[in-house]
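Here the structure comes first, spelled out in structure tokens, and everything after it is commentary.
Given below as structure tokens:
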């Protein structure tokens, strides 16, 4: 398989990571190597093998729906890179 | 023996008999940290003021008649566990200034026992790495040889415990991140059964694999810490209802009749001969104590690394989508628009390895590749679990090396991500299956680097692993060796 530079650009866009154009060839080479490592999986016979998403065969447990989290607005906002009047600030989305 | 070499049992006895107070103990270790951390870089944050206050509180509780195995005992947390009021960086520029509004369940439970937190420990960024060179705060150095890596991702935890900066520390293990650094630094660590230790407040890397656990200088200290760490937590939907146990209870059981399996796949090409010899000698010691040793097969183990490097990045790409530059993370300066803010904040905030894994995960989950990679890897994960199921029908414990080589030099594997990934070739299958596994010291190379022996058990056999480790350590001295690290050494 070839992990070409277009694949890197497309994947980086999906992941919302702004890779500078100068880094793309090196990243393509590294991803090619990693995908080369995992390529061997495709040859393993898995017909009829169920998928395993999780180690424990547990049902999702339920608990009583009681109020546990109380108002922590100030402490939750304290690490915000930009905030005003209890709101997160971002660049203008609608002109 | 000096105070910084004491076990938890010895520290408790000293505190009970008023040989020293928790404040004196804490002060001693803080001095040691300030002398040695400039060399080791094991701590990202030292919480001196909070530590001395917590130690004074512990002394007051003891003066009022309280006692407990961890009351007044200093420790430090891997910087992946959220601590209210103290920053939690996860080794990342993304979270360099993040102060969590709450404590992780692990932090909370230990604090309630009266432990004294000395600070937060360095780690590979978002727990992605096997050498601790992927930290935004610089690499950690191995106390046995400062030109060598301590392993990762819990490298700060392993180095701090080995160097006597703390008697015990917390760590997390997604593909070997407790066991591999424990092996490289000559300490004891256990990755518990998935679901034993709450993941609440433990920053997520790959949620179906991540598990917190103790790192210490012997198995008994691991058991003491795990007794508090393991508990059912309604705030973690994957926390097991039977998570809690008394890991001290069976610690001393003799090994007579124990069935030990040695997997052929763990002794093939790529295994360093000094590591192989030390682990073989460790197995002989178990045999000498009455264990019946037999050869077993784990035929799908050779597929574990490739399975992991589909599933773990896939889960990571989803988990790390939350770091967007808006709410509590690094934000790029002067973004043109909202998409630009996301994309540049994420490029600047994440290091190269984290970005690589996000890209791999995004790719294997993207349209057209999902069945070929992600679904396939989930099926192979099932085959790997079946290998262990079959093996544990015949044996009680599986024993092999923790790592294929001893600690390697800083910078040795940075150029090739795949070479670094193969450092975890013996540890990853355990996480995929979700079973418990420990690493214990079993020897040294001629160059003086520690070697680790891995003990793997069936689901919820964590107590058996600690029992085997403890009996082994009653008859061996490897875990009692201390690195001769002096302040000023480079």
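Residue numbers (our numbering), protein chains in the order written: chain A, 831 to 925; chain B, 103 to 592. No residue lacks a Cβ here, since even glycine has one placed at the ideal position from N, Cα and C.
Every alpha helix (DSSP H) stretch that sits fully inside the region 433-473 of chain B and reaches 4 residues is listed by chain position as 440-451 and 454-467.
Counting the other Cβ atoms within 10 Å of the Cβ of residue 526 of chain B gives 16 or more, which makes it buried. The beta carbons of residue 584 of chain B and residue 196 of chain B sit about 36 Å from each other, so the pair does not count as a contact at 8 Å. Contact annotation for residue 870 of chain A against chain B: 405 and 408 [CB-CB distance below 8 Å, chain order]. Near chain B, meaning a CB-to-CB distance below 8 Å, the residues of the region 877-906 of chain A are 879, 880, 881, 882, 883, 884, 885, 886, 888, 890, 891, 893, 902, 905 and 906.
Neighbourhood of residue 849 of chain A in chain B, by CB distance below 8 Å: 449 and 457, in chain order.
Not one beta carbon of chain A lies nearer than 9 Å to the beta carbon of residue 238 of chain B. The region 331-346 of chain B makes no contact with the region 215-225 of chain B: fewer than 3 CB pairs, one atom from each, lie closer than 8 Å.
For the set B:179, B:201, B:182 and B:181, the Cα lying nearest the Cα of residue 189 of chain B is the one of B:201.
By the neighbour-count criterion, in which a residue is buried when 16 or more other Cβ atoms sit within 10 angstroms of its Cβ, residue 296 of chain B is buried. For residue 287 of chain B, the closest C-alpha among the options B:529, B:514 and B:505 is that of B:505. Among the residues of the region 260-292 of chain B, none has a Cβ less than 7 Å away from any Cβ of chain A. The region 485-545 of chain B contains, as complete alpha helix (DSSP H) runs of 4+ residues, the segments 519-523 and 530-535 (chain order). For a Cβ distance threshold of 7 Å, residue set 909 of chain A lies close to residue 200 of chain B, ordered along the chain.
For residue 523 of chain B, the CB contacts under 7 Å within the same chain, skipping 5 residues up- and downstream, are 407 and 411 in chain order. When CB distances to chain A are screened at a threshold of 8 Å, the residues of the region 468-488 of chain B falling below it are 468, 474, 475, 477, 478, 479, 480, 481, 482, 483, 484, 485 and 487, in chain order. In this structure, residue 207 of chain B keeps its C-beta atom at 9 Å or more from the C-beta atom of residue 291 of chain B. Chain B has a Cβ within less than 9 Å of the Cβ of residue 860 of chain A. Every beta strand (DSSP E) stretch that sits fully inside the region 191-256 of chain B and reaches 3 residues is listed by chain position as 218-223.
Here the alpha carbons of residue 205 of chain B and residue 186 of chain B stand approximately 5 Å from one another.
With a minimum length of 3 residues, the unbroken runs of beta strand (DSSP E) contained wholly in the region 322-400 of chain B fall at 361-365 and 394-398.
What residue 427 of chain B touches in chain A, judged by beta-carbon distance under 8 Å, is 911, going in chain order.
For the pair residue 835 of chain A and residue 854 of chain A, the CB atoms are nearer than the 9 Å cut-off. The criterion of a C-beta distance shorter than 9 Å is not satisfied by residue 490 of chain B and residue 548 of chain B. For residue 922 of chain A, the three-state secondary structure derived from DSSP is coil.
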